[in-house]
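Worksheet: one structure, shown below.
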Amino acid sequence: MATTARKTYLSVLISSILASSVSFAASAQQQENNNNNQVEEDVEVIEVTGIRSSIKESNFRKREATTVVDVVVADDIGKFPDENLAEALQRIPGITITRNGGEGQNILVRGLGGGYNITTLNGRKLASENSGRDFNFDTIASELVGALQVYKSPEARLIEGGIGAVVDIETRKPLDQDGFTLSASAKGIYESRTGDVHPHASFIIGDNFNDDTFGVLFSGAYSKKTLRADTYSASGFFDEEEGWGADSAGVPVDMNGNGEIDGQSEIFASKIPSYMYFANAQDVRERVGATLAMQWRPTDTLDINFDALYSRYNTDGHRYQIGFVNYDESWTPGTPVFTDAQFDDSGRVVSMTQTGNTMVELLNLTNPRKTDTYQFALNAKWYPMDGLTLAVDVAHSKAKNENGGDNRFIVARGFIDSIGIDYTTGNMLPDVTLSPGLTADQSYGAHYSRNTGTGVEDTINDFKFTGTFLPESDLVTRIDFGLTYLEQTKSQLEYASKNASQFSNGGQYLDRDGYEFDDSTVVNVGDFNLFEIPSDVFVEANFDNFLEGESSITPEPWPSFDYDKLLAYYRSINAEATDKSIVASLNSSGTYEVTEEVLTAYAQVTLESTLAKMPYMLNVGIRGSQTEVSSKGSVYDLSLIDLQEDGKPLENGWRETVQQSFEGDYSNILPSMNFKLSITDDLIYRFSAAQVISRPSLGYLRPWLAPNFDTYREGLPQLSMGDSSLTPEEANQADMTLEWYFEDSSSLSGGVFVKDLKSFIDYVESPVEIEGVRYFASYPGKSKYGATIKGAEFAYQQSLENLLPEPFNGLGFQLNYTYVDSSYDEPELKESGLPFRGMSKNSYNAVVYYEQYGFQARLAYNWRSKFLSDPDAWGGPYWISDYGQLDASMSYNISDQFTVFAEATNLTNERYWGYTKRTDQVSYLERFGTQVALGIRASF
506 MATTARKTYL
516 SVLISSILAS
526 SVSFAASAQQ
536 QENNNNNQVE
546 EDVEVIEVTG
556 IRSSIKESNF
566 RKREATTVVD
576 VVVADDIGKF
586 PDENLAEALQ
596 RIPGITITRN
606 GGEGQNILVR
616 GLGGGYNITT
626 LNGRKLASEN
636 SGRDFNFDTI
646 ASELVGALQV
656 YKSPEARLIE
666 GGIGAVVDIE
676 TRKPLDQDGF
686 TLSASAKGIY
696 ESRTGDVHPH
706 ASFIIGDNFN
716 DDTFGVLFSG
726 AYSKKTLRAD
736 TYSASGFFDE
746 EEGWGADSAG
756 VPVDMNGNGE
766 IDGQSEIFAS
776 KIPSYMYFAN
786 AQDVRERVGA
796 TLAMQWRPTD
806 TLDINFDALY
816 SRYNTDGHRY
826 QIGFVNYDES
836 WTPGTPVFTD
846 AQFDDSGRVV
856 SMTQTGNTMV
866 ELLNLTNPRK
876 TDTYQFALNA
886 KWYPMDGLTL
896 AVDVAHSKAK
906 NENGGDNRFI
916 VARGFIDSIG
926 IDYTTGNMLP
936 DVTLSPGLTA
946 DQSYGAHYSR
956 NTGTGVEDTI
966 NDFKFTGTFL
976 PESDLVTRID
986 FGLTYLEQTK
996 SQLEYASKNA
1006 SQFSNGGQYL
1016 DRDGYEFDDS
1026 TVVNVGDFNL
1036 FEIPSDVFVE
1046 ANFDNFLEGE
1056 SSITPEPWPS
1066 FDYDKLLAYY
1076 RSINAEATDK
1086 SIVASLNSSG
1096 TYEVTEEVLT
1106 AYAQVTLEST
1116 LAKMPYMLNV
1126 GIRGSQTEVS
1136 SKGSVYDLSL
1146 IDLQEDGKPL
1156 ENGWRETVQQ
1166 SFEGDYSNIL
1176 PSMNFKLSIT
1186 DDLIYRFSAA
1196 QVISRPSLGY
1206 LRPWLAPNFD
1216 TYREGLPQLS
1226 MGDSSLTPEE
1236 ANQADMTLEW
1246 YFEDSSSLSG
1256 GVFVKDLKSF
1266 IDYVESPVEI
1276 EGVRYFASYP
1286 GKSKYGATIK
1296 GAEFAYQQSL
1306 ENLLPEPFNG
1316 LGFQLNYTYV
1326 DSSYDEPELK
1336 ESGLPFRGMS
1346 KNSYNAVVYY
1356 EQYGFQARLA
1366 YNWRSKFLSD
1376 PDAWGGPYWI
1386 SDYGQLDASM
1396 SYNISDQFTV
1406 FAEATNLTNE
1416 RYWGYTKRTD
1426 QVSYLERFGT
1436 QVALGIRASF
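Numbers in our numbering are just positions in the sequence shown, counted from 1, shifted up by 505.
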């Protein structure tokens, strides 16, 4: 009944908007040849060249905006402040980022990431190769972008779906340029850890024709780099308060030297984690991008724009790793012996030696990305009469990540004499000594070979009919209205090995599955029967100076695999088992397609007058949307389930997946209000309030029925399910700011915000009945509890050109600080006091720049406080510690056309690290080095 009422309300709203647009058109006389007819809805374009000018343009846009918005503008054509879009966005108050190999990838706005933010390109939703709703900002070259705008408070005209923010990537328009434009740059990028130098080049070229009524602008960018990251990771910390006591995370130590562990009396609390890993990641990243813009103004009343963007981003994602276990795994043959233990004041083991059955695993992990993203769009604006603009916008966008099982997780087992672990040195990491170190010449046994991959394709069709009317009124100064239709289809193809352990344990699983095989290479070592891998499969270590910057002793560099030779060896044992079990095949139960169709109507009115002689602007609007969801995919046929007396189903073919479709729908009415008061010409007060939504994760909406008849709960078999009828998370939010623009390139602002989330989408559990069988089901649903996010943002930027004498008047700085806090309504979560995942309570940016006599220099520091990564880690909550990074750039104009420049990121080679519950329980540490670039830029 509620849904029907909302649909009726939406229909009335759409009809009213259409009727209003016709009424406006009929009430005024057309004046097609009058330039003054055009509605000034586009922000005035300021020519931007240089750091100070980009700040001036950002200030201008922020000041003139209706909503709470922050802007980053390119310093010059083809020159963005940061090489990476995510890293440019982190300079904005309230934005923090996630990193991949040291590079920025995703953003969080006021602590909210993932599906809580919407990314658009020139106002159109942009497809993403991310399997969820998040957008990977590393896929687009920054040289292709003119500006980034972050809308923190909504207007009715803006796309819905982002409780966090709407981020718009803006490219340039040809007729905004001053005639012929040609700019190009080339640089070499040096990576300190690999020692490699790779190229990076970009260009933009365009011109205007026919008395500046037609323009074309084309840009392209290419880059290649090898990023290296050295990491330490650990899990399984002893903590009885967290439920990880002597029986699950204690260390067995042979105290009396008899070579055995004499029960619980020789199991101790330990600072040394149960699992330890060292890894060297080397990732070759190659990016190609281009944009094309064509603009035509055949008359003074018609403006036609065509925009296209293409980006290809490929990475190979190699990771070479070793790992070992520091306790007695019950499922692993043999018992390692730990001796020479030392204890700290609290009785924890802080130093020991592992001997006996000393196994070290050699791992190769590969996670490549092969992505393509593009968008084509056509927009036509018509100014049919004085004060009226009508626009039609059509866009098509697609993103794809090709992965047909290209991910590798390969494990071989090696055996050495001993492992020494010493936490008494006072360093952040323990000293770890392998004796002897791992080499390509020693013997390794086959254990685990898993190939996986998730191919993702995202397609978006976006249509908009919008209008703006400027009535001749002293109060109502602007009316915006529109209809939009957006169709998004995201599909996933999942590939995986059927039995990654097929060649483990010296043929045990081959024998179990009825395969005949050659066992001539089976050896017995360390209480294991293993296939001995030929020595030509292994490759000598291709790195050195591991974890440079840390003072602790780490293992000597270790070898890697040649995967093709390993696969050939498996085939020599049994080719059929290799192809069926190890080579990845399509997993139909993990393959699905979700389609959303969203029909939206909006209307917003802007009122302008004075309040106590102070000019104000009030923007009120309403946005109504109707969303239809359909999902299809392969699921198990539960109609065939026939439970036997032992609680197991009859094997009658129910495991063969069948195609099924599911549907759902919902509607939302979202009001918004933005108030702007000019206290003086330079001092602005804002207040904004709105209802907002974020749509469910696509993984929740997929068709998914996965029964488990091995483990019962409450006397019932278990079932995991998806739910395509799931509705969005909803929130009420408000912003209040005070902004002082005392100079073109200087400002001081502060603001507070609050977001009241009504509920969360998470997995809920309850009994359900499907096809006559009762299950204890886990499925996505809305909790009855919500949460609150609140915080404050402050920003101060100052150009010193009018305060200091030459040559110091070229100086300036930018400072901003953000505080964000969160609290859950759910009693247990509230009691824990833990924040949202990924949310840093404090963050700040500090930028100092100099611009004078053709010389530019910029020093930028970004810092964020610790944030929660996993509240349920083994041993307690897992936190990523605070992290700060210093970047720098400088350039010099050697002539009017040519500029030489230098850039550096992570100048001080900062460590990125995390811990489990206590800061001395380091569970992750990464060093990704410094990048330095030298180049030349030309403009004509």
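Every residue, glycine too, gets a C-beta built ideally from N, C-alpha and C.
Here the structure is a predicted model, which is why all the values come from computation and not from measurement.
Residue i, DSSP secondary structure in three states
i	result
Glu546	In this prediction, Glu546 has a pLDDT of 43, which is less than 50 and means its spatial position is unreliable; what the coordinates show is noted afterwards. Three-state result, Glu546: coil.
Ala1082	helix
Pro679	helix
Glu1408	strand
Thr860	strand
Ala1438	strand
Ile645	coil
Gly1315	helix
Asp927	strand
Gly725	strand
Ala945	coil
Leu975	coil
Environment of residue i [buried if 16+ CB atoms lie within 10 Å]
i	result
Thr1185	exposed
Met890	buried
Asp735	buried
Gln1007	buried
Arg1369	buried
Pro1212	buried
Glu1244	buried
Phe1036	buried
Met864	buried
Tyr1354	buried
Thr1216	exposed
Tyr928	buried
Asp767	exposed
Beta-carbon proximity list for residue i, same chain, < 7 Å, skipping 5 on both sides
i	result
Glu696	Lys730, Thr731, Leu732, Arg733, Gly1434, Gln1436
Phe585	Ala579, Ala593, Ser647, Glu648, Val650
Own chain residues within Cβ distance below 6 Å of residue i, not counting five before or after
i	result
Phe685	Asp712
Ile809	Trp801, Ala885
Gly1343	Leu613, Gly618, Phe1372
Glu962	Lys905, Ser996
Ile457	What the structure shows of the chain is the stretch from 506 to 1445, and residue 457 is not part of that stretch, so it cannot be assessed.
Tyr1280	Leu1221, Pro1222, Leu1224, Val1273
Asn641	Gln610, Asn635
Lys657	Val573, Ala670
Gln859	Pro841, Phe843, Ile924
One or two residues paired with residue i in a DSSP bridge
i	result
Pro486	Residue 486 is absent from the model: the chain starts at 506 and stops at 1445.
Gly1054	Bridge partners of Gly1054: none, in fact.
Gly1256	Thr1242, Glu1298
Ile1373	The displayed chain sequence assigns Leu, not Ile, to residue 1373. According to DSSP, Leu1373 bridges with Arg1342, Trp1384.
Leu732	Asp788
Trp801	Phe719, Ile809
Trp1063	Per DSSP, none; premise fails for Trp1063.
Ile1038	Answer by DSSP bridge pairing: none, since Ile1038 is not bridged.
Tyr585	First, the residue type needs correcting, since residue 585 is Phe and not Tyr in the sequence shown. In DSSP, Phe585 forms no bridge with anything.
Arg1279	Glu1274
Short CB-CB distance (under 7 Å) between residue i and chain B
i	result
Arg1076	Absent from the structure: chain B. Only one protein chain is present.
Beta-carbon proximity list for residue i, same chain, < 8 Å, skipping 5 on both sides
i	result
Gly1453	Given a span of 506 to 1445 for the chain in the structure shown, any question on residue 1453 remains unanswerable.
Thr1293	Val1259, Lys1260, Asp1261, Leu1262, Ser1327, Ser1328, Asp1330
Lys678	Gly720, Leu722, Ala798, Gln800, Asn810
ask   = Three or more C-beta pairs closer than 8 Å, one from the segment 1108-1118 and one from the segment 990-999: is that the case here?
value = With a cut-off of 8 Å on Cβ pairs, the segment 1108-1118 is not in contact with the segment 990-999, counting fewer than three such pairs.
ask   = Between the segment 1396-1406 and the segment 618-631, are three or more C-beta pairs nearer than 8 Å?
value = No: fewer than three Cβ pairs fall under 8 Å.
query = Do the segment 1134-1148 and the segment 1185-1196 meet, that is, are 3 or more Cβ pairs less than 8 Å apart?
reply = The answer is no - the segment 1185-1196 does not touch the segment 1134-1148, with fewer than three Cβ pairs under 8 Å.
request  = Would you be able to state if there are at least three C-beta pairs under 8 Å between the segment 1410-1421 and the segment 712-723?
outcome  = Contact between the segment 712-723 and the segment 1410-1421 is absent: fewer than three C-beta pairs spanning the two stretches fall below 8 Å.
query = Given 8 Å as the limit, is there contact between the segment 693-710 and the segment 1022-1030, that is, 3 or more CB pairs closer than that?
reply = Of all C-beta pairs linking the segment 693-710 to the segment 1022-1030, fewer than three are shorter than 8 Å, placing the two stretches out of contact.
task = Determine contact between the segment 1158-1176 and the segment 1115-1123, defined as no fewer than three beta-carbon pairs at a distance below 8 Å.
result = The segment 1158-1176 is not in contact with the segment 1115-1123.
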